[in-house]
Amino acid sequence: MKLLTFFIFLCSCSLYASSMNKCYINQKDIVLEEQNMYVQIDDQWLQIMSIKIDDQGFYISEADIIRYGAKVPPKVWQCPYCFRWWNLGEKCKNPDCPTNRW
Ligand SMILES: [Zn+2]
Numbered sequence: 143m144k145l146l147t148f149f150i151f152l153c154s155c156s157l158y159a160s161s162m163n164k165c166y167i168n169q170k171d172i173v174l175e176e177q178n179m180y181v182q183i184d185d186q187w188l189q190i191m192s193i194k195i196d197d198q199g200f201y202i203s204e205a206d207i208i209r210y211g212a213k214v215p216p217k218v219w220q221c222p223y224c225f226r227w228w229n230l231g232e233k234c235k236n237p238d239c240p241t242n243r244w
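Under this note's numbering, the first residue of the sequence shown is numbered 143, with each subsequent residue one higher.
Below you can see the structure in the form of structure tokens.
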């Protein structure tokens, strides 16, 4: 299981990464709670320790990851049709979702 999630992590990051150890993330994919920080990469939620920043933007490295997909932040909801995650109060914005085709 751990190997698989790590593989997903490397795959989804490789497009953005300038090196294996940096995964650039969108600010909008970051969820902050009082004690915890999460970031969404594709459909995976990662709990992270810290977020770093350089000229290219926010990034995390593998060492920042506490947990893979173990917990979903409460500030989001999952669309029951396409199973993607969105912020509370936001509608599903997946153009391929059935709710957006009705
Ligand atoms: Zn949807």
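For glycine and all other residues, C-beta sits at the position ideal for the given N, C-alpha and C.
Everything numeric in this text was worked out from a predicted model, so none of it was measured.
Handout entry: Between the CA atoms of G211 and W219 - distance to the nearest angstrom
Key = 15 angstroms
Handout entry: R209: first and last residue of the uninterrupted beta strand (DSSP E) it sits in
Key = I207 to Y210
Exercise for the section: Would you mind sorting G199 into buried or exposed? The rule is 16 or more other CB atoms within 10 Å of its CB. Expected result: exposed
Exercise for the section: Name the one or two DSSP bridge partners that I190 has. Expected result: Among the bridge pairs identified by DSSP, I190 is matched with M179 and I207.
Problem - Beta-ladder partner(s) of C165, from DSSP - result: I202
Handout entry: Contacts around I190, its chain only, beta-carbon distance under 8 angstroms, and the 5 residues preceding and following it disregarded
Key = M179, Y180, V181, I202, D206, I207 and I208
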